[in-house]
Structure formats: C-alpha cells, structure tokens
Amino acid sequence: MAVKASILVASAIATLARAAQPGAASPIAAPMRDLVWGKLNFLHTTDTHGWHGDIYKKHKADGQGVDLLLVDTGDRVEGNGLYDASNPKGKYYYDIYREQNVDIICTGNHELYHASTADGEHLRTVPNFQEQYVASNLDYIDPKTGLQIPMAQRYRKFQTKNQKLTIVAMGFLFDFTVNANNTVVQPVRETIKEAWFQDAIRENPDVFVIIGHVGVKMPEFKEIFTAIRKQNWFTPILFFGGHVHVRDATAYDLKSFAIASGRYFETIGWMSVDGDLKKTGNKKDDAPSTEIAGLSFHRRYIDNNLLGLYYHTGLNESTFHTDHGRNVSQMIAQARKDLDLDYTFGCAPKDLWMTRAPYPSEDSIYTWLEKEVLPAVAVNEDRKDKPRLVIMNTGAIRFDIFKGKFTRDTTYIISPFLSVLHYIPDVPYTVASKVIDLLNNAGKIMEEAQAMEGDNALMDARFMGIPEQFAITEDIIHERPLPSFVGQDVEGQKPLLSGDGPSKKEPVLIEGYTTRDDIGDDGDDAVHSAINFYVVPNCIQAEVGFPRSEKEDEKKPEKVDLVFFDFIQPWVMVALKISGGDYTNDDVKSYVDGTFTELMAGWIKKNWPADC
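Under mature numbering (1 follows the signal peptide of the UniProt record, and there is no 0), the letters of the sequence shown match residues -19 to -1, 1 to 593, in that order.
In structure tokens:
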C-alpha cells in the first residue's frame, strides 16, 4: 500500500553523503523488530521500477561467518524518471544499476513489453551480471542472426563464501503472453520438462534457490516446487517472488519457504535459514536427497528507511555510508539534474489515493481522472462534438499523488507507460455502454469467447487492473489498534520487546505496512498503524459530451465514439463482440496525439497552481 511518509521517499531514490537526494523527506522513527540471522541469509528486491538505493550488509555476514546473498526478481524498469525520462530510456539507469552487488537476478514482464526494453536488458543488464543472471524460461531473438537464444544462462550453480553451501539457482517469469516479438516466454509447465531442468534438479545441491517474477501464490511456483520435490525429497527450496506488488510469505512444505518483497523499493525483503544445511549420509547418484537436520526459516519486510537501516546494521550516520554508496548517489544526482526531474508542472492541492480511498470518492485518484482529466484530454478536434465513452484501465496508474509539487519525476511515477488513446467511431450506444461492465466483471467469459473464436488466448483480465489485486481481492478495513512497546532509542528507532508487558506510554505510530501473511503478522520490521485498502475496478469510464436533458431517455446518445487506452484493446474488442458489435482491429484508429503521461502533465500545468 502507498505510504506517504518518508519511509517511501527518503532513501528510495538514492543515498548521498546524508543518504538522500536533495529535497527528499526526512526519515521517520518507528518501533522495530530485529532481523533474525541464520547460516544462510538473503536480501531481496523486486518490482523496483527505477527506484534505487544502497542495501549493503555483507560485512556483517562475513564477521559472523555466515552467508548473505542479494537477489532481485525483475521489473527494474518503468516507473521512475531515472529510467523513463531519458532518450533512449535507461540511458543513465543501466550504468547506475550495474553498481549493485547482486548475486542472483532475473527478468520481469516490464523488461519485455517493448522490443527496445528487451534489447536493453539483453545488451546491457545481462552482460553487466553475466554470472549472476538466470533466465530459465525466457529466450531472446538475436536481431543479427534471427536465432532464438536463451536471454541468459538457464541456471546457476555456485558455492557460498563462508558456509561453503552449494546452491543451484534458477530464475523464472510467470506465463506472460504479451511480450515483445523479440522475446519468447516458455510456459513453466513446459520448461520443467526440458532436459536442462531435469539435469539441474539432479545436481544435488545443499539448497535450491528459485527466484522469479511470479507471485508466491501463483501456480507457476507450485509447479516448479512439485517438479523439484519429486526428485529431491528433503533439499530446502527457497523461493523469491514478485510481480503482485505486495509483501507476502508462505511455505509449501516444512523445508520450503517463499517470500515476496513489495514494490518500488519501499521494501527490502529479508529471509534467513538456520540449521544444518549440509546433507547427512551418502547419496547415490539416482537416489533422492538424504534428509537434513531440522531447519528454521525467518522473514522480515524491511522498510527502506534510513533510521531503520542504521538500526539493523548497528551503524549510524557517520559509519553507515560507504565511498561506493556516495559515488553511486552522485551518479544519480547528476542524472536527475541532466533529466531535469525536479521541474514542476504544478502543485497538487490534495492527496489523491489509488487504494487508500474508496472509488468513487473525492479522494480517489481514479475519480479525479474520470471527472476532471479524461474529459479534458480525450479530445479529437475533428470529432470534439461527438459524445464519447473514454475507458482507462486502473493499472495504467502506478502510484498516489501527494499534496505538493508535481514534478517531471512524478509524472513517470504516476504514469510511466507509453499509453495512447485509440477509438472506434460511431459505435451504437447500446453496444458501447456494455463494454465497461464486461471489462470489470466478465474476465472468464471474455477468455472463453476468445477461445471459441480460435484466436490467440486472451490474457487474464486482471492485467488491466493494479498488480496488488492479484493478491488482494476484497477491501481491507482496519480498526487500527495500537500495540505496546518498550525499549531505548537507537538513532531514533525503538526496538520492539515482546513479553515484557505494556509500555508506560504508547508511541504514536505513523501509517505504513501492517502485513499479515501465511506465517503470521510479525513480518514487518517497523511497526505502523494500519492503512485501509479499497479494491478498485479493472477499468473506469468517463462519459463526455453527452446530451443534457431532464428526460432520462434523452440523456443517452444514439452513437458514441468508444475511446480506450491502447493496452486494453484486446479485451475491448472481445467485449464489443459479446455486446453485439461487429468490429475488428482494422476499425481502430488513433484518437489524439501524445501519450497519456504527456496529456496528464499538460492538464496539471494548466489547471493546478504553479506555486505550492
């Protein structure tokens, strides 16, 4: 969920000498839960979407004689001016990200939507992390030879530095179907039949590490788990997932554990495994793995808050920052300056929320778009007198708008995509008016209708909506009870001490993540008051230029221009067919020049005050 306070902002962009870019909000203290270290430990980032910063703790692991690995599970692009504002996109970002000391890395779907982005991933990121990058079910079409080749190595086998544990690591993407035509995503159920996969699961490692741009409750991870477990009865299997933008954890059995670590670098995931990870007994080549001693697993969702990072590392303002970190921060600061990311389009008069306010309501970003922005920007000068229905998918918006400056950077944080408006002219209102309900409520019906036509499979309708709703399907409303805490301040943070009774004075908690996963409700490192989550539809619709009449039957036009975001065209065409419309992609035309991001920024510049 969105967090307005500096837990999100302060260190997400970068770390300078004082661990924040100029203008970033100051970090805020909160009661803390400690990290539990094991023999094998992981830091996990996912769905960072252009946000970047320092998360370096390996010196502490070395001092304890244990291992710490950093994994990233994709969607590093689209969602921040640092990546999106340059021409070409990623001009600065790839060089900045290469400074990260990552151990295992894979691809997300956002690296694959556009051919140019897939090229950047293959030509820049993969070479930068040649030993660490794994692409178990993803191929790339070489533009010079036309050959289909693996995006990167299918799996990685290596030994950890301190415990000398043998790791077999793989990296998957969910069964994604709208990738650019210079990439091929193989369904996971087919990948696990491949000879290389069968060889990999017979490598007899101490631990399997499966990273993936896959939600931990999505079926792809369960398919991989089942395939490995059939061959390796007792080997620990650790899963690191992403894509759905939530904090989550689960266990598939007593020797497996899975974690997902949020979005936008708000969260740094922590997983630790303790116990005797080395297998006992002698294993025959064709026998299943011998049983290992009992294991314990722990997880934390670390707020990317500078004060919290001081707390977990035992360092402070004068000892935490490294020369390498300062150098990377300077790279980011220079890129932001070159891209003029602090240029201000206007001043937001209030907070506008994706899911913290119900839709429709005056505090909903989608109500604002529906009532104010879409009617003003969805205008074709040649057809401006024609009534129109304008449909926008909620997934086109990626974050909340906070009261205050709305900058060039903000435009990409809110709307990073190259979305444009398409339309079909003069659609009977009786047909067009049914589309919105089908998009929001009839995903399975549309998939079945497409299958009956023998066309390519229609992607899950949930892809039109926000990623969080792959995991959250109903409103979450909190009464917000305040827990009890005792402890001494450590650089502004208070450790949470359980079992010592209530504190004499309850702290004032700031709003933030209050995660409940399959393991329990103690995963968040910082304790917050809860934030409500209101489910939003896949799409919203604005009625523009409709007749004004006191008679209800005269308010509805005979025909309308059906305007929609290009991303949702496949679903719109199926919905039209179900509604009785006879249209093909040849009937679809461009409605207005410019991306929605540009149109929205123009509206803000015109309608919001320049000074905050």
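Ideal Cβ positions, reconstructed from N, Cα and C, are used throughout, including at glycine.
From R497 to I458, what distance separates their C-alpha atoms?
13 angstroms
Could you give the DSSP three-state label for P69: helix, strand or coil?
coil
Note the first and the last residue of the continuous alpha helix (DSSP H) segment covering S560.
Careful: S560 lies outside any alpha helix (DSSP H) and carries neither H nor E.
With a cut-off of 8 angstroms on the beta carbons, I'd call G71 and V83 a contact; round off their distance for me.
With a Cβ gap of about 17 angstroms, G71 and V83 do not count as contacting.
Say whether chain C places a C-beta atom closer than 8 angstroms to the C-beta of T164.
Protein chains in the displayed structure number just one, and chain C is not present.
Inter-residue CB distance, G243 and T54 (contact presumed, cutoff 8 angstroms):
In fact, because the Cβ distance is near 11 angstroms, the residues do not count as touching under 8 angstroms.
Taking contact to mean at least 3 C-beta pairs separated by less than 8 angstroms, is the region 215 to 225 in contact with the region 168 to 179?
no
Status (buried if at least 16 other CB within 10 Å, exposed otherwise) for Q45:
exposed
Can you name the start and end residues of the beta strand (DSSP E) that N22 belongs to?
L21 to T26
Would you grab the beta carbon distance between L402 and A359 for me? Rounded to a whole angstrom, and I think it's under 8 angstroms.
6 angstroms
Run through DSSP, which three-state label would K264 get?
Confidence at K264 is low in this model, with a pLDDT of 46, below 50, so the placement of that residue is unreliable and no value is reported for it.
With 16 other CB atoms within 10 Å as the buried threshold, where does V52 fall?
buried
Indicate the three-state DSSP secondary structure (helix, strand or coil) for G482 in the structure shown.
Because G482 carries a pLDDT of 41, less than 50, the predicted location of this residue cannot be relied on, and the following value inherits that uncertainty. Coil.
Between the region 224 to 231 and the region 185 to 205, are three or more C-beta pairs nearer than 8 angstroms?
yes
Could you tell me the alpha carbon to alpha carbon distance between I405 and E353, rounded to whole angstroms?
22 angstroms
Need the endpoints of the beta strand (DSSP E) that Y136 sits in, please.
Y136 to Q140
How would you write the range of the alpha helix (DSSP H) that G243 sits in, first residue to last?
Premise fails: G243 is in no alpha helix (DSSP H) and is neither H nor E.
Is it buried or exposed, D381, if we count other Cβ atoms within 10 angstroms and call 16 or more buried?
buried
Taking V188 as the reference, give the member of G493, D48 and N374 with the closest Cα.
D48
Is M13 helix, strand or coil when you go by DSSP?
strand
Report the three-state DSSP secondary structure of N163 (helix, strand or coil).
coil
Could you name the residues that DSSP lists as bridge partners for Y347?
Bridge partners of Y347: none, in fact.
Is the region 542 to 553 close to the region 412 to 421, with three or more CB pairs under 8 angstroms?
yes
For T578, name the three-state secondary structure that DSSP assigns.
helix
Member of H30, G526 and D574 whose CA lies at the smallest distance from the CA of K367
G526
In the DSSP assignment, what are the bridge partners of V188?
I148
Under the three-state reduction of DSSP, which class applies to M440: helix, strand or coil?
coil
Which residues does DSSP pair with L119 in a beta bridge?
V166
Just to check, is the beta-carbon of W349 closer than 7 angstroms to a non-hydrogen atom of the ligand GTP?
With respect to small molecules bound, the structure shown includes none, and the ligand GTP cannot be examined in it.
To which residues of the same chain is T147 closer than 6 angstroms at the C-beta, ignoring the five residues directly before and after it?
Q140, P186 and D187
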